[in-house]
Amino acid sequence: MDFMVVMTLLLLLMLILVPILFIFPHNKYNGQLPPGSLGLPVIGQSIALLTAMKADRVEKWIQERVSKHGPIWKASLLGYPTVVLHGPTANKFMYTCEELTNTQPPSLSRLFGPKNIMELSGNDHKRVRTAVVSFLKVEVLKQYVAKVDEEILHHLQTHWHGKHEVQVQPLIKTLTFDVICSLLFGIERGPQREKFLSLFHDMVKGLLSVPINLPFTKYNRAIIARKKLVPMLIHLIHEKREALKEHNQQGDPHKDLITSLLSIRDDDGLPMMSEEEIIDNIITVMFAGYGTTSVLLTLLVRLLANNKSIYSNIVREQQEISRNKASKEALTWEDLTKMQYTWRVATEITRINPPVALSFRRAKQDIEYGGFIIPKGWQVLISMSMTHMDDNIFQNPTMFDPTRFEKHTSSQPPPPPFSYVAFGGGPRMCPGIELTKIETLVMTHHLVKTFTWELLKKDESFKRVPIPEFDQGFFFLFRHKNYNGQLPPGSLGLPLIGQSLGLLKALKGDRVDKWFHEGITKYGPVWKASLFGYPTVVLHGPTANKFIYTYDGNILTNTQPPSVSRIVGSKNINELSGADHKRVRAALVSFLKPEVLKKYVAKVDEETKHHLQLHWHGKHEVQVQPLIKILTFNLICSLLFGIERGPKREKMLPLFQDMLEGLLSIPINFPFTKYNRGIIARKKLVPMLMDLIREKRELLKEINQQGDPHTDLITSFLSIRDGDGSAMMSEAEIIDNIILVMIAGYDTTSVLLTFLVRLLANTKSICSTIVQEQQEIASNKTSEETALTWEDLAKMKNTWRVATEMMRINPPVTLSFRRAKQDIEYGGFLIPKGWQVAFSASMTHMDDSIFQNPTMFDPTRFENHAPSPPPFSYVPFGGGPRMCPGIELAKMETLVMMHHLVRRFTWELLNKDVSFKRVPMPEFDQGLLVRVKPLKETMVLYEA
365 MDFMVVMTLL LLLMLILVPI LFIFPHNKYN GQLPPGSLGL PVIGQSIALL TAMKADRVEK
425 WIQERVSKHG PIWKASLLGY PTVVLHGPTA NKFMYTCEEL TNTQPPSLSR LFGPKNIMEL
485 SGNDHKRVRT AVVSFLKVEV LKQYVAKVDE EILHHLQTHW HGKHEVQVQP LIKTLTFDVI
545 CSLLFGIERG PQREKFLSLF HDMVKGLLSV PINLPFTKYN RAIIARKKLV PMLIHLIHEK
605 REALKEHNQQ GDPHKDLITS LLSIRDDDGL PMMSEEEIID NIITVMFAGY GTTSVLLTLL
665 VRLLANNKSI YSNIVREQQE ISRNKASKEA LTWEDLTKMQ YTWRVATEIT RINPPVALSF
725 RRAKQDIEYG GFIIPKGWQV LISMSMTHMD DNIFQNPTMF DPTRFEKHTS SQPPPPPFSY
785 VAFGGGPRMC PGIELTKIET LVMTHHLVKT FTWELLKKDE SFKRVPIPEF DQGFFFLFRH
845 KNYNGQLPPG SLGLPLIGQS LGLLKALKGD RVDKWFHEGI TKYGPVWKAS LFGYPTVVLH
905 GPTANKFIYT YDGNILTNTQ PPSVSRIVGS KNINELSGAD HKRVRAALVS FLKPEVLKKY
965 VAKVDEETKH HLQLHWHGKH EVQVQPLIKI LTFNLICSLL FGIERGPKRE KMLPLFQDML
1025 EGLLSIPINF PFTKYNRGII ARKKLVPMLM DLIREKRELL KEINQQGDPH TDLITSFLSI
1085 RDGDGSAMMS EAEIIDNIIL VMIAGYDTTS VLLTFLVRLL ANTKSICSTI VQEQQEIASN
1145 KTSEETALTW EDLAKMKNTW RVATEMMRIN PPVTLSFRRA KQDIEYGGFL IPKGWQVAFS
1205 ASMTHMDDSI FQNPTMFDPT RFENHAPSPP PFSYVPFGGG PRMCPGIELA KMETLVMMHH
1265 LVRRFTWELL NKDVSFKRVP MPEFDQGLLV RVKPLKETMV LYEA
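In our numbering, the protein residues as written are 365 to 1308.
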């Protein structure tokens, strides 16, 4: 009905308004005009063209006339004599010729505005295009991928989730409008954006209507909508101009398109664009981005419903990208660059169905082209689909074949320049092509990840008015993806037992990485198993590490087995998530940050020297690992709890050792079992810690809380207050986290130091470089008794690189577990609620695609000039918000101990091939027995 009304009004308009150009014949061009007929005055071939557009047969309509007249012919279209051109050369002529203007019909200019980029030519076109492109170029748009990702996820959640049927085209138009508002105009979701949308819809309807400006017509409503929209845009421009002034024009000039256009200055420091030009081009960009991207996405959704092979290929590509993403992690520009097949599919869609099928220009003067004259004032027309569907250019052009846009070879050369022109070409190339690409790829990624769909009307057609419009907006039946059958590959094995015995055996033989690698080789980087009574998804790779360490606590929890919680306590930081985890972690970090720890170097130095004097000096043989555990316990007591050497510390040590043995034992709570002794030890230790907390709380009151809040960790915990002045941590939280820090600091640092002692006994070259570095530091001290300082530790770069490489090959903790609190999609697979998630740090540490020659001990790989490994590939201390807060304390203890060891002793292993097992921390046979010999230059010091 609408089409018949359009045709009737157009016919009446043409019969009434006969242009002057038909009154005056073109006698002077006789013999020089292209072949063809202008037909009836005014009407010409317009009705035939509009009929072809309605049926999406424009290329057939033009091809009939190309066959009759050749690639250059004349017609009368939409009231103007027109020269129709065909071929890549014609496309190039259209997009590069300065004698052609892009003048739109007056009805369009009235809506877009006379200063829009399509109306401009010459220097004005270059100036405005440069300003628009400055925002839409790749290096700027890269930073907005996450924003587009967020807008699309919100759109899908609001309009698609929970729906059984959706009208695709109207919804995707809403999405593209929202993205435009957010990125280009900086208008966030809310009433202002909704008001913009209503006016914009009226303008779009008017743009595609018969341009009769009578009350209540669509065109009239569109003009009114523009009049309302312009003051809103002016107000928006003024707001952003003031914001620029407030920031002294030092803010981000690419915050949004309007800010970018306001920021650009010419060589004289003046604004490059007037306010009128900004408004008209904002409206133009709104129309261009709204129409073309929504058409492409709608056609893509239709294609994937009809072509299962292409759908499967896209799903496979997107799943591969998801596999390397953490849950709910936003897409990045790097992710989009991997979607090469998806974009080839989109490119092929725009070849067969370009969003804009016809492009008009106007001759500013008489132009000679192809041996014919194009008279001044005549239109020039091309149809993009004509070269797109030319079998001389694209083989089998009616066949949908994304491979034609793969990297070209001699056997498959690229199409000639200006033969694929879905986005224009040359200086008239659409500046928004990269934004269209971002929107298309991000939307496709989330659609195929989240839904499957089918057409409700298999043969639904579209008409061009002038861009494709589907009947009924294109109805689809949508379903959420069902993950049945999409559990990771692998086997859960026998009930309860599963693969636990195999993993325990690998732990005992220090072959965990080999055990994991066998699973990866067989199943890939995501696989399932049953470990320690729980179904488990095993993950591998830097992305998996990132997923583990950056998870939302509402999705993945660090919950330990109940047996562990019973000894360590339920309020320790490993058990917490969300705001509680952040709060307790902030309290821990406030004490363990470098600026606080700096003042404790001398204390660590003194404790270390006392330990060596007591346990190493005068001995011929020592068990390294047990002794270093005693040292790390003493350092914890001194620094973190403020307990000096004496009966209290000595009473705590056996209780602590019983707790640790209980943690690493079979959790059977029968009398006389290690686990039972561990529980009893905690019960005895907690009252002692409560007394310690009360002592320190009273001490704080006595000094009116003006003392040093960083005297020790307990005092630091007691001193921290929230915004209301209340204690940030409860007494139960303080106790549980004190116990956790004791266990964590006791074991991990002692393991690292034990491995270093073994390494230096076996590798003389590395030992020599460390000795040389430490002697250089000692030579700058006034005496042997002078304590080390933070500045001294900063010079021990080679020693710490050796320690870093040691943790790469032998991380103290090689296994980590988490628990899924809800169903999680990761890497295209389902991790069901309640399942464990496991990974091994040593797997990325020993991955030869990350670390070259990973089995070779090479500290130089951590030098400043060496390339850094990818994020989350080196994780002995965890990563992200789950990075171990005690890393600087461990570093300080390690460097101080190594300094004094190599300066005072030489040693050799009593058992050259001594081995260790993981239970789950490395434990050396006989505690790593070494024969110790004091260095002559330090004997005087000890004897004194």
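Glycine is no exception: its CB is placed at the ideal position from the N, C-alpha and C atoms.
Bridge partners - residue i, DSSP secondary structure assignment
| i | result |
| --- | --- |
| E985 | R1295 |
| E971 | Looking at the DSSP assignment, E971 forms no beta bridge with any residue, so it has no partner. |
| V1050 | DSSP output for V1050 lists no bridge partner at all. |
| Y583 | Its beta-bridge partners do not exist; DSSP assigns none. |
| K827 | E833 |
| I646 | For I646, which the question treats as bridged, DSSP gives no partner whatsoever. |
| Y1190 | F1193 |
| P412 | As written in the sequence, residue 412 is Ala, which differs from the Pro given in the question. Paired residue(s): none; A412 is not in a bridge. |
| L464 | A727 |
| A893 | T900 |
| R629 | P635 |
With 16 other Cβ atoms within 10 Å as the buried cut-off, status of residue i
| i | result |
| --- | --- |
| L1292 | buried |
| H528 | exposed |
| K973 | buried |
| M763 | exposed |
| N717 | buried |
| F736 | buried |
| T1118 | buried |
| L1310 | There is simply no residue 1310 to check, as the chain begins at 365 and stops at 1308 in what is shown. |
| E1062 | exposed |
| P398 | buried |
| K672 | exposed |
| N1101 | buried |
| Q521 | exposed |
| G849 | Because the pLDDT at G849 is just 49, under 50, the model does not fix this residue reliably, and the value given afterwards should be weighed accordingly. With fewer than 16 Cβ atoms within 10 Å of its Cβ, G849 is classed as exposed. |
| I912 | buried |
For residue j and residue i, believed in contact at Cβ under 8 angstroms, the rounded distance
| i | j | result |
| --- | --- | --- |
| I884 | P719 | Wrong, their Cβ atoms sit about 45 angstroms apart, outside the cutoff. |
| W1271 | A1142 | That belief does not hold up - the Cβ atoms of W1271 and A1142 are roughly 19 angstroms apart, past 8 angstroms. |
| L464 | A439 | Not quite, the Cβ-Cβ distance comes to about 17 angstroms (not below 8 angstroms), so this is no contact. |
| S347 | I536 | Any property of residue 347 remains undetermined from this structure, which presents the chain solely from 365 to 1308. |
| I643 | G477 | 6 angstroms |
| T767 | L664 | 17 angstroms between Cβ atoms; not a contact. |
| T1258 | A1184 | T1258 to A1184, Cβ: 35 angstroms. No contact. |
| G857 | I931 | So it is not a contact: roughly 29 angstroms between Cβ atoms. |
| V709 | I757 | Between I757 and V709 the Cβ distance is about 19 angstroms, and since that is not below 8 angstroms, they are no contact. |
| V422 | A721 | 5 angstroms |
| P1240 | A1205 | 6 angstroms |
| T540 | K689 | Not really, about 24 angstroms apart at Cβ, beyond 8 angstroms. |
Requested in this report: May I ask you to verify whether the segment 797 to 807 touches the segment 497 to 510, counting CB pairs closer than 8 angstroms and requiring at least 3?
Outcome: With the cut-off at 8 angstroms, the segment 797 to 807 and the segment 497 to 510 touch.
Query raised in the report: What are the complete alpha helix (DSSP H) segments, minimum 4 residues, inside the segment 523 to 558?
Result: Within the segment 523 to 558, the alpha helix (DSSP H) runs of at least 4 residues that lie entirely inside it are, in chain order, 532 to 543.
Query raised in the report: Residue ranges of each beta strand (DSSP E) run of no fewer than 3 residues wholly in the segment 1200 to 1274, ordered along the chain?
Result: List check, beta strand (DSSP E) in window: 1200 to 1204 and 1269 to 1273.
Query raised in the report: Pairing CB atoms from the segment 548 to 567 with CB atoms from the segment 676 to 691, are three or more of them under 8 angstroms?
Result: By the Cβ test, the segment 548 to 567 is not in contact with the segment 676 to 691, since fewer than three Cβ pairs between them sit closer than 8 angstroms.
Query raised in the report: How about the segment 1077 to 1086 and the segment 1117 to 1136: do they share at least three Cβ pairs that are nearer than 8 angstroms?
Result: Per the Cβ contact rule, the segment 1077 to 1086 is not in contact with the segment 1117 to 1136 (fewer than 3 Cβ pairs under 8 angstroms).
Query raised in the report: Taking three-plus beta-carbon pairs below 8 angstroms as touching, is the segment 489 to 501 in contact with the segment 622 to 629?
Result: Yes, they touch.
Query raised in the report: Looking at C-beta atoms only, is the number of pairs between the segment 1209 to 1221 and the segment 1245 to 1255 that lie closer than 8 angstroms three or more?
Result: Counting Cβ pairs under 8 angstroms, fewer than three are found: no touch.
Query raised in the report: Is the segment 858 to 876 touching the segment 454 to 464, taking contact as three or more C-beta pairs under 8 angstroms?
Result: Output reads no: the segment 454 to 464 does not touch the segment 858 to 876.
Query raised in the report: Does the segment 1262 to 1276 come close enough to the segment 948 to 959 to have 3 or more Cβ pairs within less than 8 angstroms?
Result: Using a C-beta cut-off of 8 angstroms, the segment 1262 to 1276 makes no contact with the segment 948 to 959, since fewer than three inter-stretch Cβ pairs fall below that distance.
Query raised in the report: Which runs of the alpha helix (DSSP H) fall wholly inside the segment 1074 to 1107 and span at least 4 residues, in chain order?
Result: Listed in chain order, the complete alpha helix (DSSP H) runs (minimum 4 residues) inside the segment 1074 to 1107 are 1077 to 1083.
Query raised in the report: What are the complete alpha helix (DSSP H) segments, minimum 4 residues, inside the segment 416 to 456?
Result: Fully enclosed alpha helix (DSSP H) runs of 4 or longer: 422 to 433.
Query raised in the report: Which runs of the alpha helix (DSSP H) spanning at least 4 residues fall entirely within the segment 905 to 943, listed in chain order?
Result: 906 to 914 and 926 to 932, all fully within the segment 905 to 943.
Report task. Report yes or no: do the segment 1184 to 1200 and the segment 900 to 908 share at least 3 C-beta pairs separated by less than 8 angstroms? Result -> With the cut-off at 8 angstroms, the segment 1184 to 1200 and the segment 900 to 908 touch.
Query raised in the report: If you scan the segment 657 to 731 from start to end, which runs of the beta strand (DSSP E) of 3 or more residues do you find wholly inside it?
Result: Counting only runs of 3+ residues, the beta strand (DSSP E) found wholly inside the segment 657 to 731 occupies 722 to 727, in chain order.
Query raised in the report: In chain order, which continuous runs of the alpha helix (DSSP H) of length 4 or greater are located wholly inside the segment 487 to 515?
Result: Within the segment 487 to 515, the complete alpha helix (DSSP H) runs of at least 4 residues are 502 to 505.
Query raised in the report: Taking one C-beta from the segment 805 to 820 and one from the segment 734 to 748 each time, how about it: are there three or more such pairs within less than 8 angstroms?
Result: Taking a cut-off of 8 angstroms for Cβ pairs, the segment 805 to 820 and the segment 734 to 748 do not touch, as fewer than three such pairs fall below it.
Requested in this report: Count the CB pairs spanning the segment 441 to 454 and the segment 739 to 753 that are closer than 8 angstroms, and state whether there are at least three.
Outcome: The segment 441 to 454 makes contact with the segment 739 to 753: 3 or more CB pairs, one atom from each, lie closer than 8 angstroms.
Query raised in the report: Do the segment 426 to 436 and the segment 693 to 701 meet, that is, are 3 or more Cβ pairs less than 8 angstroms apart?
Result: Look at the beta carbons and you see the segment 426 to 436 not touching the segment 693 to 701: under three pairs across the two are nearer than 8 angstroms.
**Report entry** Any 3 or more C-beta pairs closer than 8 angstroms across the segment 1081 to 1100 and the segment 962 to 973
**Finding:** The segment 1081 to 1100, when compared against the segment 962 to 973, does not touch it at the 8 angstroms Cβ threshold.
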